[in-house]
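Order-wise, the sequence lines are chains A and B.
Per the numbering used here, numbering through the first sequence is continuous, rising by one, with the last residue being 299.
Per the numbering used here, numbering through the second sequence is continuous, rising by one, with the last residue being 598.
We put the beta carbon where it would ideally sit given N, CA and C, even for glycine.
Predicted model only: the values in this text are computed from it and were never measured.
Number of protein chains: 2
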Amino acid sequence: MSVLVVGSVAFDSVETPLGRVNEVLGGSASYFSLAARFFTLVQMVAVVGEDFPEENLDMFRKFNINIQGLQRVEGKTFRWQGKYGTALNEAKTLNTELNVFENFRPEIPDSYQNTDFVFLGNIDPLLQKQVVAQMKSPKLVICDTMNYWIESRLPELREVLKLVDILIINDGEARMLTDEHNLNVAAKKIIEWGPRVLVVKKGEYGVSMYDSKSIFSAPAYPLCAVLDPTGAGDSFAGGFVGFLAKSGEINNQTLRRAVIYGSVLASFNVEEFSLNRLISLKYSEIEERFLQFKQLTEF
Amino acid sequence: MSVLVVGSVAFDSVETPLGRVNEVLGGSASYFSLAARFFTLVQMVAVVGEDFPEENLDMFRKFNINIQGLQRVEGKTFRWQGKYGTALNEAKTLNTELNVFENFRPEIPDSYQNTDFVFLGNIDPLLQKQVVAQMKSPKLVICDTMNYWIESRLPELREVLKLVDILIINDGEARMLTDEHNLNVAAKKIIEWGPRVLVVKKGEYGVSMYDSKSIFSAPAYPLCAVLDPTGAGDSFAGGFVGFLAKSGEINNQTLRRAVIYGSVLASFNVEEFSLNRLISLKYSEIEERFLQFKQLTEF
């Protein structure tokens with residue numbers, strides 16, 4: 001089954017303790033798609049400006065990413081500039097130029113409207129709601145968000161939570177969203193608000209997944225060097241949703257495996273800057289690291 | 300096989316967001332012993348003052364904890380006063396009265412000197428070294444330490460690391476000890492310094508165990524309320540070392556299971572103040588929670 005993603009396509013300028021890059025391809029929809037493409041066909045809904053090079057479009061096409069829903073409009077592509085400190089867990093935003101992203105109104109092409117799996121990348125909850133409204137009968141809606149929307153659009157975000165099956169956020173966002181320090185208490189609250197599954201990303205400490213009856217916890221893959229954490233969350237989501245779409249069946253076991261595939265994709269992504277590692281990655285490497293997660297956790 | 304523990308016995312006054320207690324029984328040797336006693340005979344080496352009530356000694360004896368090595372000397376028992384904030388991960392020390400602990404010189408009774416498993420609780424590395432010197436031919440030496448000793452006794456601590464098989468510390472201590480932010484890099488360094496196994500406790504994020512060839516990661520048991528984190532590390536160590544002593548055999552599988560038993564004991568300990576939960580705990584509850592760890596991590 002195929003996956004639809006709505007999110008950003010951007011040019012990122014990033015500095016980390018191990019290097020820096022200038023105006024490289026990024027954005028939530030890019031990271032998600034390049035991770036999910038290992039498992040399923042991806043349909044991308046996003047917007048870029050006139051400055052977006054044809055070679056990037058070719059790259060998406062080459063990886064079987066359907067870009068019929070990628071609008072190309074007058075103006076410049078979204079640009080983001082950020083810097084990570086030693087802890088690598090959160091970027092300091094140095095500059096944001098929304099450009100064409102400012103007036104982005106996601107339009108779902110007719111050919112996308114029957115898609116079973118829908119990933120709502122980290123955009124304005126009002127737009128996330130509009131996307132869901134355009135879908136015919138999605139089997140699974142998965143949603144991301146961030147502190148900015150929790151602070152500025154809480155009522156709208158709470159509305160979106162009623163429409164989604166799975167929410168994927170990080171631990172800080174889960175605490176902020178619920179005003180609860182204890183993650184297990186926060187998770188219970190969020191599940192009462194709508195999503196039947198909550199996935200909490202904890203950076204180097206791994207991922208916990210909650211539903212009303214059970215909890216699953218997985219460590220992060222132990223890396224000795226993280227070159228660039230940008231896109232870790234979106235490549236996690238790409239592996240997670242991509243694997244679910246490939247399985248077709250949504251149950252506790254496929255959800256747990258999806259968390260591991262998400263963790264595998266995120267761990268590869270941070271090994272290089274921009275989308276470079278996701279581009280060079282081979283499926284056999286994914287399977288190998290999946291097995292390493294078994295060795296990492298079995299007792 | 301039995302276990303020898305050297306550490307503190309203290310009276311703690313603790314304040315957490317969920318309550319407070321005044322001058323209750325605590326100390327590393329107390330927490331360790333009450334956790335390890337579910338698996339093995341425990342021999343305690345510590346010191347208390349004249350004010351230490353007979354009923355506490357009776358409690359230790361009742362749980363098969365051998366207190367022949369517990370010195371009772373002139374003066375007052377060690378007192379510690381601390382407070383935890385919402386994050387619960389680190390206590391702020393409000394007051395320390397070392398009292399009889401100031402001149403503590405661990406003397407290992409003859410009957411203890413052939414003990415196979417030795418746990419060096421968090422005391423001055425100089426004393427830890429003296430303890431090892433008094434043992435005949437221990438099968439396994441396990442060591443704890445803290446930021447205070449890393450800052451004030453680094454050369455002595457590095458000497459101790461050459462004598463121990465397993466070091467158990469928390470993530471902040473591992474970073475401080477090596478001056479490395481990345482825990483996987485820090486772990487490699489520490490293993491080169493002596494211990495063949497390193498156990499890193501990460502509070503609510505669980506535990507990682509490293510040896511020269513492999514890594515094992517386990518989540519923390521998901522609790523919705525932590526009443527008092529005091530003694531979590533020592534009850535972890537008690538479960539960990541206790542289980543190893545019970546198994547007799549030290550291999551990758553028993554070490555991994557020991558991490559889970561340690562996590563189980565720590566998770567019970569923080570459910571109540573002081574040693575209360577370790578005192579009321581039943582072995583069947585430990586086994587039940589061990590199985591819950593399977594459900595929490597399997598995929």
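Any chain B beta carbon closer than 9 Å to residue i
| i | result |
| --- | --- |
| A:V73 | no |
| A:F240 | no |
| A:S208 | yes |
| A:F243 | no |
| A:Q253 | yes |
Minimum Cβ-Cβ distance from residue i to chain A less than 9 Å
| i | result |
| --- | --- |
| B:S513 | yes |
| B:R576 | no |
| B:R555 | yes |
| B:F592 | yes |
Three-state secondary structure (DSSP) of residue i
| i | result |
| --- | --- |
| B:I465 | strand |
| B:E401 | helix |
| A:V47 | strand |
| B:F535 | helix |
| B:F338 | coil |
| A:F78 | coil |
| B:V559 | Reading off the sequence, residue 559 of chain B comes out as Ile, not Val. Here B:I559 sits in helix by DSSP. |
| A:I279 | helix |
| B:E491 | helix |
| A:I65 | strand |
| B:E406 | coil |
| A:V241 | helix |
| A:E23 | strand |
| B:F567 | helix |
| A:V3 | strand |
| B:K545 | helix |
| A:L311 | The displayed coordinates of chain A run from 1 to 299. Any statement about residue 311 of chain A would go beyond what the structure contains. |
| A:L161 | helix |
| B:L526 | coil |
Listed by chain order, chain A residues near residue i by CB distance under 9 Å
| i | result |
| --- | --- |
| B:I559 | F299 |
| B:P494 | Chain A residues near B:P494: none, gap ~18 Å exceeds 9 Å. |
| B:A386 | H181 |
Interface partners of residue i on chain B, CB under 8 Å
| i | result |
| --- | --- |
| A:C224 | N481, N483, V484 and K487 |
Opening and closing residue of the alpha helix (DSSP H) in which residue i lies
| i | result |
| --- | --- |
| A:S30 | S28 to A36 |
| B:R452 | Note, B:R452: premise wrong, no alpha helix (DSSP H); not H, not E. |
| A:N182 | Run containing A:N182: none; DSSP gives neither H nor E here. |
| B:E354 | E353 to K361 |
Under 7 Å from the C-beta of residue i: neighbouring residues of chain B
| i | result |
| --- | --- |
| A:Y205 | K501 and Y504 |
Chain-ordered chain A contacts of residue i [CB-CB under 7 Å]
| i | result |
| --- | --- |
| B:L595 | I215, F216 and S217 |
Anticipated Cβ contact below 8 Å, residue i with residue j, distance rounded
| i | j | result |
| --- | --- | --- |
| B:L543 | B:A557 | 5 Å |
| B:I449 | B:L439 | That pair is no contact at about 23 Å. |
| B:C442 | B:Q427 | 6 Å |
| A:G7 | A:N122 | 7 Å |
| A:V3 | A:V42 | 5 Å |
| A:V14 | A:T230 | 5 Å |
| B:F572 | B:G381 | Between B:G381 and B:F572 the Cβ distance is about 12 Å, and since that is not below 8 Å, they are no contact. |
| A:V100 | A:G49 | 5 Å |
| B:F331 | B:A536 | 6 Å |
| B:V499 | B:A473 | 5 Å |
Element boundaries [beta strand (DSSP E), containing residue i]
| i | result |
| --- | --- |
| A:T16 | A10 to T16 |
| B:V440 | L439 to D443 |
| B:L419 | F416 to L419 |
| B:M508 | V506 to Y509 |
| A:A133 | No beta strand (DSSP E) holds A:A133; the alpha helix (DSSP H) holding it covers P125 to Q134. |
| A:S111 | A:S111 -> no beta strand (DSSP E), and no H or E assigned at all. |
| A:I250 | Looking at the DSSP string, A:I250 is not in any beta strand (DSSP E), and its letter there is neither H nor E. |
| B:T392 | A390 to E396 |
| B:K501 | Here B:K501 belongs to no beta strand (DSSP E), and DSSP marks it neither H nor E. |
| A:A220 | Run containing A:A220: none; DSSP gives neither H nor E here. |
Within-9 Å CB hit, residue i to chain E
| i | result |
| --- | --- |
| A:K188 | As a matter of chain content, chain E is missing from the structure shown, whose protein chains are A and B. |
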